[in-house]
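Just below is one structure, and these are the notes that go with it.
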Amino acid sequence: MKKRIAIIGAWISGLTLANRLNSTFEVVVLEKSRGIGDRLATRQAEPFAFDHGTQFFTARDKKFTQFITPYLRSGIVQEWIGKVVTLEVNKKTTNRLWFEPHYVACPGMNNLCKKMADGINIRLNCEVAPLSFKDSKSWHLVDKNGESLGEFDLVISTVPPVQTCKLFNTFLPENTSISNSKFLACFTMMFGFHKKWDKTWIGAKVHNSPIEWIAVNSSKPGRNDNHTALVVHSSNTWAEEHVNDDLQQTEIFLRRELNKILNIELSFPDYFSLHRWRYALLSKSHDDKTRNTPYFDTNLNLACVGDWGSRSRIEDAWIDANELADKILM
Ligand SMILES: Cc1cc2nc3c(=O)[nH]c(=O)nc-3n(C[C@H](O)[C@H](O)[C@H](O)COP(=O)(O)OP(=O)(O)OC[C@H]3O[C@@H](n4cnc5c(N)ncnc54)[C@H](O)[C@@H]3O)c2cc1C
Numbered sequence: 003m004k005k006r007i008a009i010i011g012a013w014i015s016g017l018t019l020a021n022r023l024n025s026t027f028e029v030v031v032l033e034k035s036r037g038i039g040d041r042l043a044t045r046q047a048e049p050f051a052f053d054h055g056t057q058f059f060t061a062r063d064k065k066f067t068q069f070i071t072p073y074l075r076s077g078i079v080q081e082w083i084g085k086v087v088t089l090e091v092n093k094k095t096t097n098r099l100w101f102e103p104h105y106v107a108c109p110g111m112n113n114l115c116k117k118m119a120d121g122i123n124i125r126l127n128c129e130v131a132p133l134s135f136k137d138s139k140s141w142h143l144v145d146k147n148g149e150s151l152g153e154f155d156l157v158i159s160t161v162p163p164v165q166t167c168k169l170f171n172t173f174l175p176e177n178t179s180i181s182n183s184k185f186l187a188c189f190t191m192m193f194g195f196h197k198k199w200d201k202t203w204i205g206a207k208v209h210n211s212p213i214e215w216i217a218v219n220s221s222k223p224g225r226n227d228n229h230t231a232l233v234v235h236s237s238n239t240w241a242e243e244h245v246n247d248d249l250q251q252t253e254i255f256l257r258r259e260l261n262k263i264l265n266i267e268l269s270f271p272d273y274f275s276l277h278r279w280r281y282a283l284l285s286k287s288h289d290d291k292t293r294n295t296p297y298f299d300t301n302l303n304l305a306c307v308g309d310w311g312s313r314s315r316i317e318d319a320w321i322d323a324n325e326l327a328d329k330i331l332m
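Residue numbers (the numbering used here): 3 to 332.
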């Protein structure tokens, strides 16, 4: 009989693992959301669509490049090309060079994971409760309502560190690299306008502002560019300081800050939404090159992996998930 593995989280880390382990083990992916995507999500609000988490991804690693090649051939992944600028209040707009290809999934960011989910046994709407019981052989998982999810020989968490620590509870030793990882928040504003985007740039990095990034989402390949869909990220430092603030006040403040930067009428969008990411990106200085290997306890049969190992990037999450899969398959 094949060993049973539960993978918690159906996004890039979880699905990468599931694809690697599926033929050797009986794999079940347990995902709390009703769809696949999460931080690589796409918000549909016809006729607008917003990739309100991950904006794009790079492919610096040879194996990751090989992984995306078939998706590039089929058009599910495409390069996002256009002018990117740097903006700052009262300063001249300057061009910003992208020195490597920036890829997006089409028609929305979540489509890559949807394709990766083909042939995988995934249970959606299934929030796993903190682990509490293991007999000599297996883990007994239950969902947040106490319903049994079955018995598993190995449990792998791919959810962000704070949530993994809650899930693994006292079974995770103190002072592991995962328990020491800190994730920062981010606020995302989504604006939709029933008119074409009329500026020459498609993305803007913002300096010295609580706003950090503006993307013309409708300019990405495979999107509807007869309308304008803007995705605006706050800076992570600002968001972390204000993560528990009243959302209405946050919206008023961030919209006012955006108005100072963008010289366009933003007061009456045809669509608006604000999203709060409590755990968006790993807190790490740019020159910190440390890399934490995935956690794998072969005595307890527990493992965790995600984008806390090196950087919060799709490519790094994929690399680390493969490293854990190699160890499990060894
Ligand atoms: C605002 C923002 C912007 C970003 N921009 C970029 C970018 O431009 N480029 C880039 O490369 N990366 C970017 N990232 C980072 C990128 O999104 C992550 O590195 C990547 O999504 C990590 O994938 P993951 O599978 O490790 O984790 P996640 O995407 O967090 O997946 C974990 C999954 O576990 C599920 N889950 C959580 N708890 C439970 C539970 N108890 N039971 C069951 N399921 C559970 C969640 O619903 C989720 O689907 C960005 C992230 C954010 C938030």
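Glycine is no exception: its CB is placed at the ideal position from the N, C-alpha and C atoms.
Return the first residue and the last residue of the alpha helix (DSSP H) that W100 is part of.
Unbroken run through W100: none, as it is neither H nor E.
So L23 and V29 are supposed to be a Cβ contact under 8 Å. How far apart are they, rounded?
5 Å
The beta strand (DSSP E) with Q80 in it runs from where to where?
79-81
Do the stretch 206-213 and the stretch 229-242 make contact, defined as three or more Cβ pairs closer than 8 Å?
yes
What's the gap between the Cα of K286 and the Cα of I180?
13 Å
Using 10 angstroms around the beta-carbon of Q251, count the other beta-carbons present and answer buried if the total reaches 16, otherwise exposed.
exposed
Rounded straight-line distance, which links the Cα of V218 to that of D200:
11 Å
Going by DSSP in three states, F173 sits in which element: helix, strand or coil?
helix
Please work out which residues of its chain come closer than 8 Å, Cβ to Cβ, to W310, disregarding the five sequence neighbours upstream and downstream, and give them in chain order.
P162, P163, S179, I180, S183, F185, L284, N294
Determine the contact status of M192 and H104, defining contact as a CB-CB distance below 8 Å.
no
Look at the Cβ atom of A327, then the Cβ atom of L19, and state whether they are nearer than 8 Å.
yes
Run through DSSP, which three-state label would D318 get?
helix
Quick one: does the C-beta of R75 sit closer than 7 Å to a heavy atom of ligand 1?
no
Taking 7 Å as the cut-off, is the beta-carbon of I204 closer than that to any non-hydrogen atom of ligand 1?
no
CA-to-CA distance, L268 to T44, given in whole angstroms:
22 Å
Could you give the uninterrupted runs of the alpha helix (DSSP H) lying entirely in the stretch 8-81, keeping only those of 4 residues or more?
14-23, 64-76
Buried versus exposed call for E317 [16 or more other C-beta atoms within 10 Å across all chains shown]
buried
Does the distance between the C-beta of C167 and the nearest non-hydrogen atom of ligand 1 fall short of 7 Å?
no
Using 8 Å as the cut-off, can you tell me whether the stretch 72-85 makes contact with the stretch 100-115, which would need three or more C-beta pairs spanning the two stretches below that distance?
yes
Quick check on the DSSP output: the alpha helix (DSSP H) that includes L260 runs from which residue to which?
249-263
Any heavy atom of ligand 1 closer than 7 Å to the beta-carbon of Q250?
no
For the beta strand (DSSP E) that contains L304, what are its first and last residues?
304-306
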